[in-house]
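Scroll down for the structure; my scribbles are underneath it.
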Amino acid sequence: MPIIEVALDVPLNRLFDYEAPDVLPDDIGRRVKVPFGKREVVGLILGLKSDTSHPAEKIRPAGDIWRDVPPFGTEDLELFRFCSQYYRYPLGSVVLGSLPPALRKITGWVPPKRRTGTPPPPLETPSPPLTEEQRQVTDCLKSARGFLPFLLHGVTGSGKTEVYLQLIGEALSRGQQVLVLVPEINLTPQLEHRFGNRFPHAKLVSLHSQLGEKERAARWLEAQQGLAQLVLGTRLAVFTPMPRLGLIIVDEEHDPSYKQQEGLRYSARDLALVRGRFRHVPVILGSATPSMESWHNASQDRYRLLELTHRAVRGARLPEVRLLPPPARDEAFSVPLLDALEKRLQRQEQSLVFINRRGHAPVLLCDQCGWTAGCERCSARMVVHLRARHLRCHHCGENQSIPQRCPACGNSHLVPIGEGTQNVEAQLRARFPEARLLRVDRDSLTKREDWEDVRQAVETLQVDILVGTQMLAKGHDFPRLTLVAALQVDGALYSSDFRAGERLFSQLMQVAGRAGRHNQPGEFLVQTAHPEHPLFEALVQHDYPRF
Ligand code: ADP
Ligand code: ZN
Ligand code: ZN
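The sequence shown begins at 57 in our numbering and counts up by one.
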């Protein structure tokens with residue numbers, strides 16, 4: 057009697073045997089309905105055998121095998137096994153966890169859908185003539201065959217995305233599929249736009265966790281059937297089965313969002329490399345500020361290092377970086393910084409004020425005894441959110457109302473110390489009442505569509521000053537933005553997180569990179585009490601290798 061070995065989403069690191077009289081050899085990698093205890097569940101067939109070591113009366117018959125979509129390929133299954141072993145996580149949970157939720161449900165089954173009637177945009181944006189550096193890098197990448205890991209280190213605005221477009225174009229013309237990973241959903245609309253304009257006839261799908269279940273399953277199935285030529289997605293997309301996968305690109309490879317922090321704690325960047333190795337295709341990791349481990353791997357010749365050292369747009373230069381002393385207590389802005397903002401307003405250029413803290417003020421302090429509000433659930437400090445009138449822990453999500461008195465000494469004068477996005481916004485409004493301000497953080501933007509609005513508002517010059525967190529730091533290309541200012545950065549220098557310096561440096565380099573991307577020169581101002589710190593010395597020179 058043919059027996060199938062099935063992966064199930066249960067916390068046991070083993071497969072389960074079922075009897076399947078009509079199973080076919082190519083059913084490995086297909087979904088199957090099976091009884092489990094008193095329930096029916098969805099599993100994935102990982103093996104076939106003619107016999108089982110379990111007693112015959114314990115073996116139950118399997119239900120339907122779904123044959124209307126192609127099975128997972130052998131490399132996909134290899135990737136699941138690797139994940140399970142490397143991350144010490146039950147194989148069945150790895151496998152089932154990689155499926156869109158609708159395809160894990162016994163009733164949620166959506167038939168594969170072929171979308172028709174989406175007209176391609178009329179105009180195809182041609183590629184610009186490449187810069188000499190871009191041409192060299194592109195030639196080198198185009199000659200890659202088989203598995204080769206590349207680290208593309210290109211300064212912000214150096215045209216890395218253009219290099220990706222060149223390679224994607226070539227892979228598409230060979231009939232291959234391409235997987236492009238980005239760290240955040242917010243980065244997908246802009247890239248979708250650029251990819252769509254360059255390849256109006258290619259089928260592009262984006263995959264991320266904010267899609268509705270049906271939509272996500274439908275797009276995933278389009279990738280699995282080879283209909284979607286270009287798959288753009290956040291970390292979960294690294295598992296998308298793509299039968300004709302020919303190239304993997306991981307943009308902003310240093311970004312911590314590639315790491316899944318719960319359940320299967322994987323790094324999508326690392327898995328992209330493993331996947332490329334199993335699949336024998338090149339993998340490109342791109343960044344202006346590579347992670348320390350990727351830089352190290354490149355310096356050990358494990359990855360091939362490619363560099364773009366200049367901005368792509370003719371005449372565009374990296375912004376000039378100036379370090380400014382911090383402002384007086386209770387102020388967010390120093391005088392030279394206010395002057396710089398004023399100048400931009402007069403010239404009708406845009407500015408970005410970067411502060412990596414949501415809410416109003418980071419800590420609530422008793423000025424009598426020095427008590428600060430800490431989280432009761434974890435060891436982090438609580439953050440004051442004045443509008444919502446509560447304290448919130450940004451580490452674990454704990455919420456509390458703002459205490460009337462100091463719990464330690466009873467003093468009723470508790471003061472918020474430091475700046476967050478909300479009171480920086482308030483101070484700017486008071487100072488520049490005419491300016492059009494837009495605050496961008498996780499409290500002001502909740503949906504992906506909100507992002508599209510932000511992008512349009514900035515592009516159509518309806519915003520003078522953007523105030524925001526690191527959500528604004530990455531990837532975006534806003535031509536009229538000429539000033540970027542970073543406030544309150546010194547905290548990271550004292551952090552106990554061993555990556556704090558690396559993160560701060562890359563955030564500052566990234567956010568600086570938003571300034572002066574086109575013809576107008578950009579300026580980046582950083583308020584710090586430690587201008588002599590090596591991190592800032594490297595920053596002023598845009599010198600990543602030195603850092
Ligand atoms: P990165 O991804 O490295 O930040 P982008 O690919 O977004 O850089 O390029 C930055 C800007 O330069 C974009 O506006 C892009 O259209 C433009 N650009 C890229 N390559 C070229 C080129 N060869 N010639 C002219 N403009 C270019
Ligand atoms: Zn007190
Ligand atoms: Zn907490």
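Where a beta carbon is used, it is the ideal one built from N, C-alpha and C, also for glycine.
Cβ-heavy atom distance, residue i to ligand 3, below 6 Å
{"i": "A436", "result": "yes"}
{"i": "E454", "result": "yes"}
{"i": "H451", "result": "yes"}
{"i": "R433", "result": "yes"}
For residue i, three-class secondary structure by DSSP
{"i": "F580", "result": "strand"}
{"i": "Y142", "result": "helix"}
{"i": "K94", "result": "coil"}
{"i": "P249", "result": "Correcting the residue identity first, residue 249 is His in this sequence and not Pro. The answer is helix: DSSP assigns H249 an H, G or I state."}
{"i": "K399", "result": "helix"}
{"i": "Q456", "result": "strand"}
{"i": "A571", "result": "coil"}
{"i": "A258", "result": "coil"}
{"i": "F410", "result": "strand"}
{"i": "I241", "result": "helix"}
{"i": "L133", "result": "helix"}
{"i": "T516", "result": "coil"}
{"i": "P157", "result": "helix"}
{"i": "P81", "result": "helix"}
{"i": "D73", "result": "strand"}
Per-residue burial, residue i [other beta carbons within 10 Å of its own, 16 or more giving buried]
{"i": "P239", "result": "buried"}
{"i": "K216", "result": "buried"}
{"i": "Y322", "result": "buried"}
{"i": "A486", "result": "exposed"}
{"i": "E188", "result": "exposed"}
{"i": "I305", "result": "buried"}
{"i": "L80", "result": "exposed"}
{"i": "C434", "result": "exposed"}
{"i": "N455", "result": "exposed"}
{"i": "H532", "result": "buried"}
{"i": "K530", "result": "buried"}
{"i": "G231", "result": "exposed"}
{"i": "G547", "result": "exposed"}
Among the options, the one whose alpha carbon lies nearest that of residue i
{"i": "L301", "options": "L393, G332, R555, M438", "result": "G332"}
{"i": "F206", "options": "F603, A384, P338", "result": "P338"}
{"i": "D499", "options": "S313, H441, C196", "result": "H441"}
{"i": "L539", "options": "E579, S149, H586", "result": "E579"}
{"i": "V287", "options": "L362, P117, V234", "result": "V234"}
{"i": "F138", "options": "Q518, F334, R160, L277", "result": "F334"}
{"i": "I458", "options": "L420, R275, L133", "result": "L420"}
{"i": "P382", "options": "A585, W351, R602, P489", "result": "A585"}
{"i": "A368", "options": "H532, L64, V211", "result": "V211"}
{"i": "W351", "options": "E309, A372, L247, Q316", "result": "E309"}
{"i": "G129", "options": "A158, W122, D82", "result": "D82"}
{"i": "G569", "options": "E505, R448, H366, A548", "result": "H366"}
{"i": "E405", "options": "G225, P312, H574", "result": "H574"}
{"i": "L152", "options": "G252, T296, S199, K105", "result": "T296"}
{"i": "T290", "options": "L397, V330, L247, V219", "result": "L247"}
{"i": "Q316", "options": "N253, V294, M348", "result": "V294"}
{"i": "V219", "options": "E363, L362, Q190, P67", "result": "Q190"}
{"i": "Y550", "options": "Q597, D520, E515, L591", "result": "L591"}
Residue i: CB within 6 Å of a non-hydrogen atom of ligand 1
{"i": "D195", "result": "no"}
{"i": "V236", "result": "no"}
{"i": "K198", "result": "no"}
{"i": "D533", "result": "yes"}
{"i": "P184", "result": "yes"}
{"i": "A368", "result": "yes"}
{"i": "T212", "result": "yes"}
{"i": "E218", "result": "yes"}
{"i": "G215", "result": "yes"}
{"i": "T163", "result": "no"}
{"i": "T525", "result": "no"}
{"i": "T365", "result": "no"}
{"i": "T244", "result": "no"}
{"i": "T477", "result": "no"}
{"i": "T130", "result": "no"}
{"i": "P181", "result": "Per the sequence presented here, residue 181 reads as Thr, with Pro not at that position. Incorrect: T181 has no Cβ contact closer than 6 Å to ligand 1."}
{"i": "T584", "result": "no"}
{"i": "T187", "result": "yes"}
Proximity test, Cβ basis, 7 Å: residue i and chain D
{"i": "V439", "result": "In the structure shown, chain D does not exist; there is a single protein chain."}
Contact test: residue i Cβ vs ligand 4 heavy atom, cutoff 6 Å
{"i": "T345", "result": "Looking at this structure, you won't find ligand 4 anywhere; what it does contain is ligand 1, ligand 2 and ligand 3."}
Extract the residue ranges of the beta strand (DSSP E) inside the segment 171 to 230, only unbroken runs of 3 or more that lie entirely within it.
205 to 210
Where in the segment 278 to 356 do unbroken runs of the alpha helix (DSSP H), each at least 4 residues long, occur, reported from the N-terminal end onward?
324 to 335, 348 to 355
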